[in-house]
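Heads up, the thing below is written out as structure tokens.
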Amino acid sequence: MLGNRQQLFDLIRRQASFLCVGLDPEMGKLPPGLQPGQPGEHPILTFNKAIIDATHDLCVAYKPNLAFYEALGPAGWDIFAATVDYIPDTHLVIADAKRGDIGNTSRLYAEAFFQQMGVDALTIAPYMGADSVTPFLGFPNKWVILLALTSNPGSQDFQFAPQDQGEPLFEKVMRKAMGWASPDELMFVVGATHPEQFVQIRAIAPDHFLLVPGVGAQGGDLQQICQHGLNRQCGLLINSSRGIIYASSGPDFAAAARQSALSLQKDMARILAEAGLG
17 MLGNRQQLFD LIRRQASFLC VGLDPEMGKL PPGLQPGQPG EHPILTFNKA
67 IIDATHDLCV AYKPNLAFYE ALGPAGWDIF AATVDYIPDT HLVIADAKRG
117 DIGNTSRLYA EAFFQQMGVD ALTIAPYMGA DSVTPFLGFP NKWVILLALT
167 SNPGSQDFQF APQDQGEPLF EKVMRKAMGW ASPDELMFVV GATHPEQFVQ
217 IRAIAPDHFL LVPGVGAQGG DLQQICQHGL NRQCGLLINS SRGIIYASSG
267 PDFAAAARQS ALSLQKDMAR ILAEAGLG
């Protein structure tokens, strides 16, 4: 359990890594002939366990995206729960669910993920405002990770729309949300495909951790992100999903995943050392 920024930073220093591995498995992309780890075990759970075994010493967090589990029907929820249970307690577990409703609906979502599923952090969509976010706050040792600036092309549709004094919408969202919770309870999603924005983002939120998707398959550049995104406690969780879990489509998929994660971890160790954060 990583209940605050200092504990997360301590793990980052121990691992010499700020890597988050996205666990987004699809049946059609699993290696042919994948053998269950136990009799009757679902192939996706076997796959997830192999990825975790191969990468846990190279990363600090795992981020299963709920869509990949919900698409499997009721069995998918069991696989998700078993995956969360298998992740070492030392690591941050992020449920990428992008929930965002109001009132008791949000509260029940929060109870489901934080109390029943036992995840450490949950991605939240802020479009409905404060009363869609605050029910997720106040759970001991749990994090809300608010969508701010996403890595997809459609982020241009709304997130850059000018607001007061020409401020883009994503900046207004960040400034507003910072009044709802401390950096020990609130992170932001900031896509790696917008490296030019990290200077301004750090000016707005100097102390918050940023979950950064888009490195690897989506073309985000690690060095550019770190140049302007690092803070005194690292402050970055760099997520890679497809680039790690699908590094090979053959029986060597776990070994290939490890090599892909190791390549990123080595770069991260160097960046941390150069920044005096190692």
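Counting from 17, one number per residue, gives the positions in the sequence shown under my numbering. Idealized CB from N, CA, C, for every residue including glycine.
Local Cβ density within 10 Å of residue i, reported as buried at 16 or more and exposed below that
| i | result |
| --- | --- |
| Leu252 | buried |
| Leu27 | buried |
| Thr166 | buried |
| Met144 | exposed |
| Thr209 | buried |
| Leu18 | buried |
| Val229 | Note that residue 229 is Pro in the sequence shown here, rather than Val. By the 10 Å Cβ count, Pro229 comes out buried. |
| Ala263 | buried |
| Leu124 | exposed |
| Lys45 | exposed |
| Ala270 | buried |
| Gly89 | exposed |
| Pro211 | buried |
Reference residue i; option with closest CA among the options
| i | options | result |
| --- | --- | --- |
| Ile78 | Pro90, Thr62, Pro104 | The question names Ile, yet the displayed sequence has Tyr at residue 78. Residue Pro104 is the option with its Cα nearest to Tyr78. |
| Gln349 | Thr150, Gln23, Pro142, Arg29 | No statement about residue 349 is possible, as the shown extent of the chain runs from 17 to 294 and does not include it. |
| Ser276 | Cys75, Asn247, Phe130 | Cys75 |
| Ile118 | Ser33, Leu202, Phe174, Pro142 | Pro142 |
| Phe155 | Asn81, Gln216, Ala128 | Ala128 |
| Gly92 | Leu185, Ser171, His58 | His58 |
| Gly207 | Met190, Asp223, Ile241, Glu201 | Ile241 |
| Leu65 | Ile95, Gly44, Lys45 | It is Lys, not Leu, that sits at residue 65 in the sequence shown. Cα-wise, what sits closest to Lys65 is Ile95. |
| Thr121 | Ala219, Thr106, Asp147, Gln131 | Asp147 |
| Thr106 | Leu88, Lys158, Leu24 | Leu24 |
| Asp200 | Asn168, Tyr85, Pro222, Leu185 | Pro222 |
| Glu187 | Ser279, Ile217, Asn168 | Ile217 |
| Gln132 | Lys114, Lys158, Ile140 | Lys158 |
| Ile261 | Gly56, Pro80, Glu212, Phe176 | Pro80 |
CB of residue i within 8 Å of CB of residue j, strictly
| i | j | result |
| --- | --- | --- |
| Phe204 | Leu138 | no |
| Leu227 | Asn247 | no |
| Ser265 | Asp40 | no |
| Gly134 | Val160 | no |
| Asp136 | Leu108 | yes |
| Phe63 | Leu50 | yes |
| Ala32 | Ala285 | yes |
| Ile82 | Ala126 | A quick correction: the sequence has Leu, not Ile, at residue 82. Not in contact: Leu82 and Ala126 (Cβ atoms no closer than 8 Å). |
| Leu326 | Cys250 | Outside the shown range of the chain (17 to 294) lies residue 326, about which nothing can therefore be said. |
| Ala219 | Met190 | no |
| Leu238 | Asp180 | no |
| Ile67 | Ala273 | yes |
| Phe214 | Gly245 | yes |
Cβ of residue i within 8 Å of any chain D Cβ
| i | result |
| --- | --- |
| Asp101 | Considering every chain present, this structure includes no chain D. It has just one protein chain. |
Beta-bridge partners of residue i, as assigned by DSSP
| i | result |
| --- | --- |
| Arg218 | Partner(s): none; Arg218 has no beta bridge. |
| Ile110 | Ala137 |
| Tyr143 | Answer is none; Tyr143 lacks a bridge partner. |
Practice task
Specify whether the region 164 to 175 and the region 144 to 153 touch according to this definition: at least 3 beta carbon pairs, one from each stretch, less than 8 Å apart.
Solution key: Not touching, per the Cβ criterion.
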